[in-house]
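Below: the structure, in structure tokens.
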Amino acid sequence: MFKITNLSVNSDTTKILTKINLTIQKGEIHAFMGPNGSGKSTLTKVIMGHPDYQITAGTIKMNRNDLSKLSVTERSLQGIFVAFQYPVEIPGVNFSNYLRLVYNNHQPKNKQLPVFKFRKLLKEKAKELAVPEKLLDRNLNENLSGGEKKKMEILQLALIKPQLAILDEADSGLDLDALKIIFQGIQQIKTENPQMSILLITHYQRVYEFLKPDFVHLMQQGQITKSGGMEIVKAINQHGYHEKETK
Amino acid sequence: MKKRQNNNPNALELLTADQKTVSNINQDYKTKFGFADEFSNKIDLGTGIDQKIVREISELKHEDNWMLQKRLKAFQHFCEAPLPKWGADLSHIDFQKIHYYVKAASDQSKTWNEVPDTIKNTFEKLGIPQAERKFLAGVATQYESEVIYQNLKKKWTDQGIIFLDTDSAYKQYPEIFQEYFGKIIPETDNKFAALNTAVWSGGTFIYIPKGVKLKMPLQAYFRINTQNMGQFERTLIIADEDSEIHYIEGCTAPMYSNDSLHSAVVEIVVKKNARVRYTTLQNWSTNVYNLVTKRALVHENAVMEWVDCNLGSKVTMKYPAAILVGPGAHGEILSIALAGKGQHLDAGAKVIHLAPNTSSIIHSKSICHDGGRSSYRGLLKIIPGATNSKSKIVCDALILDDRSRTDTYPTNDIREKNVETAHEASVSKINEEQIFYLMSRGLTEEQANALIVSGFIEPIVKELPLEYAMELNALINLTMEGSIG
Amino acid sequence: MIITADESILITYQGHDQSILDKKIEIIHQQPHLHSDILVKVVLFAAAKINLQVIVRVAQGAKETNTFLKIQVLLIGKQAEAKIIPALEIMENSVKAGHAAIISRINAEQLFYLQSRGLTLQAAEKQIIKGFLSDPVK
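Residue numbers (the working numbering), protein chains in the order written: chain A, 1 to 247; chain B, 1001 to 1485; chain C, 2001 to 2138.
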């Protein structure tokens, strides 16, 4: 369904990703681990089409469509979603209005919802994911805490129901209670949409209690150095990233 | 400005039907707002201006000699005064090609039933819902140069409120007129105030008696409907002591190929402890020169608030002013300007502190895109003796592409040492990380830009009544669509 | 003046007695990627007057310009008058530009504090003015 082949990426003239290969089938959960600066977050931005990065070689394909030819908007409409590690704040833009625009852009014309019907749906979804209703009337991420921002990212995930959800450090900066709420939410979305694939980017394995990866990839210095199953997690847990490298 | 397009089924139908054949948004805009109704104007003095035209206007209106003399004096000043050398380029206005007086219907209509069908059809197209009339407490709709429809709730009349078109008010309340007309903005104030005084017609007159507080806004709609027609309405609002009023004006104009001129004068007196808010939504078609003089005299402990939103016109020059004459008076000017292709919006604010303990706030938000130019021009003046005065000015500009331009020209003229003033301005481009974020959620670049722009002006939009806020955002979406990228 | 390198510019002026200063300063950015910080500090005594216009102009092509203009005026004299126009003309979109103008009198709390420590009013004023003119970040 989703396939990256021999992908190399530059930022200006610096090479930051080298020969990435990755295949994700429908419904699979993949995890990316690796030290800070190894290129995990960069890869998510490249998949989404961030203008700071240039693809120098290789392809990213979704259902056989070449994503690199598509705008950021089109990639979203093709079914890719990134829950960002640091969602930007947009002052003055009301969350509910924004979410309705997002939701309707992803629906065919005859399924688009007017204000009140959407509000009802939004309230239901918020309740399911334990998102406090008052957040819906705030401005887009403006002055939200780290945990609140992550909750709103997951709410957007639930509304869009993408084919591939990329969760970029969805666990960072959260205390254990907040982590539990957010990942139970993701778990719930996954249960309702078993066909949805997930790409998890994380430092910590505590997340795997909620979402058990089918495949684990280790990323170091812009390359995937190891791919496999949960045994990679165990090895990292015992020896750290550097041990792994020297072995 | 058209009312509530999104709530009116007819307006929506019209829009979708047209969209089938018209892909260009500007053409759609033209169909929606820019039609010219086909009915003959009853009296049309032709184009051009001279002393004879000024006399004829006065004669047609059966005015007293003092008004005629005022008009003639104003006309003389208009002829003598040069065009302003600063601000926007006005050299293309051909004053001889403008209609200075056009009358749509022969008489004032007292009830809706008496309003001619052609005019009703126009409102239908503009999407002013039938039910809205009942909802609105009172609507004065200016069509052409005259107010053709007036409806004022009975209880307000009982409270002693006068809400009339300016021509009728002049006839019915000559003593109020003698006292206030042209006193806040004298005919020699500037070239365009002089022109307005010479040929003024229509406009709104409001008097709120002592202690009367109106919670619901009064509204009026204005349109230009004759090619090359000048619109010279004259508005006079007097808020007596301890009274409160919110007045809203909004306009849309047809699209024409030749330049038109809109030159209004708005005079407001806010007496002791009174409070006036004057909200404008300006959306003239982009061939109109919009040159407006607005000024309020604010007495002891009174409050004047101007909320001024400018989206349309080819050129706007408008600097709503608050003259703080009484101790403790407060003036506030909130403004939005959105300048697109071929537009130069030179808007701003003026506050003059003439008494102690006065305060003022100016907050301006301007956006330029698609080659447009937005300028903030402001004056803050504090005279000696206006001790303990305070003023805060904030101007924010958003510039969307490198073909556009934004300027800030604030003058701070301070002649009293016991004051506090602060002025801040910032210019920024649209944040690319924000665009990326919104697009990654499936919004188009145009939608993303429009959303960021609406967020940028939100602090001022939230001061508008809900339906106007919605309308303004809808208009911004319409304006921004297809113009960026 | 035309900005040709990253610069921070401090302009100070003290007006005494009946002095009148009528001045227009133009700061122009033509080259890309330059940073300018312009700080103008004015103190007006007695009946001194100033009419100061500072225009920061960012010409087309001066991409990624970052400029900030700050004008601070301290009015000491009873008849002192300040007319300040900090203007911006921006013809390029990828810029950060801002200005601020503050016209104020001597802070009464500061005066009180210094006097409470035994300084005369004149000495306290002098200290505050000295501080105002010497501290660029104040």
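Using N, Cα and C, we set each Cβ at its ideal position, and we do this for glycine too.
| Check | Outcome |
| --- | --- |
| For the beta strand (DSSP E) containing valine 2073 (chain C), name the first residue and the last one. | 2066-2075 |
| Of all the options B:Asn1287, B:Ser1285, B:Thr1358 and B:His1262, which has the alpha carbon lying nearest to the alpha carbon of methionine 1304 (chain B)? | B:Thr1358 |
| So what's glutamine 2110 (chain C) in DSSP terms, helix, strand or just coil? | helix |
| Please identify the residue among A:Gln25, A:Ile4 and A:Phe116 whose C-alpha is closest to the C-alpha of isoleucine 47 (chain A). | A:Ile4 |
| I'd like to know if methionine 1304 (chain B) contacts chain A, where contact means its C-beta is closer than 8 Å to some C-beta of that chain. | no |
| Could you work out which residue in C:Gln2079, C:Glu2109 and C:Ala2059 is closest to leucine 2088 (chain C) when comparing CA atoms only? | C:Ala2059 |
| What does the alpha-carbon distance come out to for the pair asparagine 97 (chain A) and leucine 43 (chain A)? | 30 Å |
| Find out if the Cβ-Cβ distance for the pair histidine 1353 (chain B), alanine 1321 (chain B) is shorter than 8 Å. | no |
| Residues of chain B with a CB under 8 Å from the CB of proline 51 (chain A): which are they? | Glu1432 and Phe1436 |
| Can you pull the chain B neighbours of asparagine 2093 (chain C), defined as C-beta to C-beta under 7 Å? | Ile1399, Leu1400, Asp1401, Asp1402, Ser1404 and Lys1429 |
| Starting from threonine 1204 (chain B), follow its DSSP beta bridges and name the residues at the other end. | B:Asp1165 |
| Look at the Cβ atom of lysine 1318 (chain B), then the Cβ atom of alanine 1274 (chain B), and state whether they are nearer than 8 Å. | no |
| Step through the CB atoms of chain C and report whether any lies within less than 8 Å of the CB of alanine 1422 (chain B). | yes |
| In three-state DSSP terms, what is serine 2134 (chain C)? | helix |
| Show which residues of chain B have a CB atom less than 9 Å away from the CB atom of glycine 92 (chain A). | Ile1452, Ser1454, Gly1455, Phe1456, Ile1457, Glu1458, Pro1459, Val1461 and Lys1462 |
| Does the beta carbon of proline 1410 (chain B) sit closer than 8 Å to a beta carbon anywhere in chain C? | yes |
| Under the criterion of a Cβ to heavy atom distance below 7 Å, does lysine 1171 (chain B) qualify as lining the ligand ATP? | Summarising the ligand content, the structure contains no ligands, and the ligand ATP is consequently not present. |
| In terms of residue numbering, what span does the beta strand (DSSP E) encompassing serine 11 (chain A) cover? | 2-11 |
| Are the Cβ atoms of lysine 1417 (chain B) and lysine 2078 (chain C) separated by less than 8 Å? | yes |
| Can the beta-carbon of valine 93 (chain A) be found closer than 8 Å to that of glycine 1442 (chain B)? | no |
| Beta-carbon separation of asparagine 6 (chain A) and glycine 39 (chain A) under 8 Å? | no |
| So, is the C-beta of isoleucine 2128 (chain C) closer than 8 Å to a C-beta in chain B? | no |
| Which chain B residues sit within Cβ distance under 7 Å of glutamine 156 (chain A)? | Arg1441 |
| Taking beta-carbon pairs under 7 Å, can you tell me which members of the region 2038-2072 of chain C lie near chain B? | Gln2060 |
| Check the C-beta distance from asparagine 141 (chain A) over to valine 102 (chain A) and give it rounded, since I have them as a contact under 8 Å. | Not quite, the Cβ-Cβ distance comes to about 13 Å (not below 8 Å), so this is no contact. |
| Label methionine 2001 (chain C) either buried or exposed according to how many other C-beta atoms from any shown protein chain fall within 10 Å of its C-beta, with 16 as the threshold for buried. | exposed |
| Scan the region 136-187 of chain A and note each continuous alpha helix (DSSP H) run of 4 residues or more that stays entirely inside, going in chain order. | 146-160 |
| Listed in chain order, which residues of the region 2094-2122 of chain C have Cβ atoms closer than 7 Å to some Cβ of chain B? | Ser2094, Val2095, Lys2096, Ala2097, Gly2098, His2099, Ala2100, Ala2101, Ile2102, Ile2103, Ser2104 and Arg2105 |
| Any Cβ of chain A within less than 8 Å of the Cβ of lysine 1032 (chain B)? | Because lysine 1032 (chain B) carries a pLDDT of 45, less than 50, the predicted location of this residue cannot be relied on, and the following value inherits that uncertainty. Not closer than 8 Å to any Cβ of chain A, the Cβ of lysine 1032 (chain B) fails to qualify, so no. |
| Sort out for me which residues DSSP pairs threonine 1411 (chain B) with in a bridge. | B:Leu1379 |
| In the DSSP assignment, what are the bridge partners of tryptophan 1086 (chain B)? | According to DSSP, tryptophan 1086 (chain B) bridges with nothing at all. |
| Indicate whether lysine 2023 (chain C) and leucine 2052 (chain C) have their beta-carbon atoms separated by less than 8 Å. | yes |
| Going straight from the alpha carbon of serine 1260 (chain B) to that of alanine 1448 (chain B), what length do you get? | 34 Å |
| Between the Cα of glutamate 1249 (chain B) and the Cα atoms of B:Ser1360, B:Ser1243 and B:Leu1218, which residue gives the shortest distance? | B:Leu1218 |
| Buried or exposed: where does lysine 2041 (chain C) fall if 16 or more other Cβ atoms within 10 Å of its Cβ makes it buried? | buried |
| Count the other C-beta atoms from every protein chain shown that fall within 10 angstroms of the C-beta of asparagine 1190 (chain B), then say buried if there are 16 or more, exposed otherwise. | buried |
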